[in-house]
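In the numbering used here, the protein residues as written are 2 to 362.
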């Protein structure tokens, strides 16, 4: 018999199947499902980063040590604050990364409700999947995409078009899916890449009824967080469970924010790298993209002679490279006059920029 599934939602509530029906409530209410059976806890995919890296080693201990550094560019929190689970997959290392404190809170909430999960897995990996097809589930304000055996992400519906397009572009052409299976719990279908052939469910579906027992290759309940197969039946567990759930909800918001920002940061960095190599194909190494591009602009200005929009732009660019958070809103050049509309993170930065520009004449 398959292990029963309990799905933990971003708001701290839980869903489970009993007698062929989906029920939703607290973990304490779901505990009856876990009596004398080991359950699999499905946690919000928004809080778990799924990624693939290449680590040229066969040693498990070496892979475990190297993994945090291989994924460092994807993380907005220090690697030592994260928990890493991994598995070998198609020559890569497939990894699942979650805040260690959030994982501890999930385990504590389950323990105080009388539940000992056999495994903790991101809910996106419980979606059905087969080679040549991606699966997308739309439920409430959430979008869950599974695009590989150990691959996928969850996000808000508003972010879905951007992240789906990025996943499509990162996918090797030979590995791109032929179809996208769309399962709608509710709501309208967002804009999707035109290259995808969409197979859409014709009626609203019960999201939990679609989820399958996932592969346990990326079990977050690993290492020092592995199941101890003990139960706590103290009479105070229900009150403690409520407190633990409050902690889960607070930490889940923070964890989700960092995972999503980490994905966006990685996508933006890819765009910067592409632009850099397109503009400066002779420079193979990127040390500080903004500073290198500004220096190249000054060099080009010296070659064509002083004056003009190129000179003005070069004089403006160098000070801006030192101001983190500066955003250019509009740039116009006409009749020897450069107009630049921008926003800076602090009011004092405007005065500092004016002083630097005045100093350049």
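All C-beta atoms in this analysis are idealised placements derived from N, C-alpha and C, irrespective of residue type, glycine included.
Would you report the Cα separation of residue 353 and residue 170, rounded to the nearest angstrom? When rounded, the distance between both Cα atoms is 40 Å.
Using the DSSP secondary-structure output, state which residues sit across from residue 123 in a beta bridge. Beta-bridge pairing links residue 123 to 44.
Distance check for residue 143 and residue 206, CA to CA, integer angstroms please. Cα atoms of residue 206 and residue 143: separation of roughly 14 Å, rounded to the nearest angstrom.
Is there contact between the stretch 60–71 and the stretch 40–47, where contact requires at least three CB pairs shorter than 8 Å? For the pair of segments examined, the stretch 60–71 was found not to touch the stretch 40–47: the number of CB pairs separated by less than 8 Å stays below three.
With 16 other CB atoms within 10 Å as the buried threshold, where does residue 133 fall? By the 10 Å Cβ count, residue 133 comes out exposed.
May I ask you to report which of helix, strand or coil DSSP gives residue 224? The DSSP-derived three-state label of residue 224 is helix.
Shorter than 6 Å, the distance from the beta carbon of residue 43 to the closest heavy atom of the ligand MG, or not? With respect to the ligand MG, the structure shown offers nothing to examine, as it has no ligands at all.
So within the stretch 142–188, which uninterrupted alpha helix (DSSP H) runs reach at least 4 residues, ignoring any that extend past its ends? If we require 4 residues or more, the alpha helix (DSSP H) runs fully inside the stretch 142–188 come out as 161–171.
Return the chain-ordered ranges of every beta strand (DSSP E) run that is complete within the stretch 7–95 and spans a minimum of 3 residues. List check, beta strand (DSSP E) in window: 15–19, 22–26, 40–44, 50–54 and 83–90.
The stretch 80–100 / the stretch 3–13 touching (three or more Cβ pairs under 8 Å): Touching, no, given that fewer than three Cβ pairs across the two stretches are closer than 8 Å.
Are the stretch 177–184 and the stretch 124–140 touching, with three or more C-beta to C-beta distances below 8 Å? Yes: at least three Cβ pairs fall under 8 Å.
Quick one, which of 165, 218 and 217 has its alpha-carbon nearest residue 195's? For residue 195, the closest alpha carbon among the candidates 165, 218 and 217 is that of 165.
Which partner residues does residue 201 have in the DSSP bridge list? Beta-bridge pairing links residue 201 to 183.
If you run the structure through DSSP and keep just helix, strand and coil, what is residue 354? For residue 354, the secondary structure class from DSSP, reduced to helix, strand or coil, is helix.
Whose CA, out of 94, 111 and 98, lies closest to the CA of residue 79? Residue 98 is the option with its Cα nearest to residue 79.
Please determine if the stretch 143–154 and the stretch 122–131 are in contact, where contact requires at least 3 C-beta pairs separated by less than 8 Å. Here the stretch 143–154 lies against the stretch 122–131, with 3 or more beta-carbon pairs under 8 Å apart.
Reference residue 224, options 31, 84, 56 and 162, closest by Cα: The shortest C-alpha separation from residue 224 is found at 84.
Could you spell out the range, first to last residue, of the beta strand (DSSP E) harbouring residue 367? The structure shown has nothing for residue 367, since the chain only spans 2 to 362.
Report the residue from 155, 15, 217 and 116 whose alpha carbon sits nearest the alpha carbon of residue 35. Taking residue 35 as reference, the option from 155, 15, 217 and 116 with the minimal CA-CA separation is 116.
DSSP three-state call for residue 106: helix, strand or coil? Helix at residue 106.
DSSP-derived helix/strand/coil call for residue 349: Assigned with DSSP and collapsed to three states, residue 349 falls in helix.
Bridge partners - residue 100, DSSP secondary structure assignment: Answer is 83.
Taking the alpha helix (DSSP H) that residue 190 falls in, what are its first and last residues? Element bounds for residue 190: n/a, residue is neither H nor E.
Residue 226 versus residue 191: straight-line alpha-carbon distance, rounded: When rounded, the separation of the alpha-carbon atoms in residue 226 and residue 191 is 38 Å.
From this set, 349, 209 and 219, which residue's C-alpha is nearest residue 1's C-alpha? This structure leaves residue 1 out entirely; the chain is present only between 2 and 362.
At what residues does the alpha helix (DSSP H) containing residue 208 begin and finish? Looking at the DSSP string, the run of the alpha helix (DSSP H) that includes residue 208 is 208–211.
Own chain, CB closer than 7 Å to residue 20, minus 5 neighbours either side, in chain order: If we look at residue 20 and ignore the five residues flanking it on each side, it has no Cβ neighbours.
With distances taken between CB atoms, is the gap from residue 71 to residue 54 smaller than 7 Å? Here residue 71 is near residue 54, since their CB atoms are less than 7 Å apart.
In angstroms, rounded to a whole number, what distance separates the CA positions of residue 168 and residue 359? Answer to the nearest angstrom: the Cα atoms are 45 Å apart.
If you count every other CB in all the chains shown that lies within 10 Å of the CB of residue 108, and 16 or more means buried, which is it? Classification for residue 108: buried.
Alpha carbon to alpha carbon, how far is residue 145 from residue 215? Give it in angstroms, no decimals. Answer to the nearest angstrom: the Cα atoms are 14 Å apart.
When burial is assigned at 16 or more other CB atoms within 10 Å of the CB, is residue 140 buried or exposed? So residue 140 ends up on the buried side.
Give me the residue from 212, 217, 201 and 13 with the minimum Cα distance to residue 23. Of 212, 217, 201 and 13, the residue nearest in Cα terms is 212.
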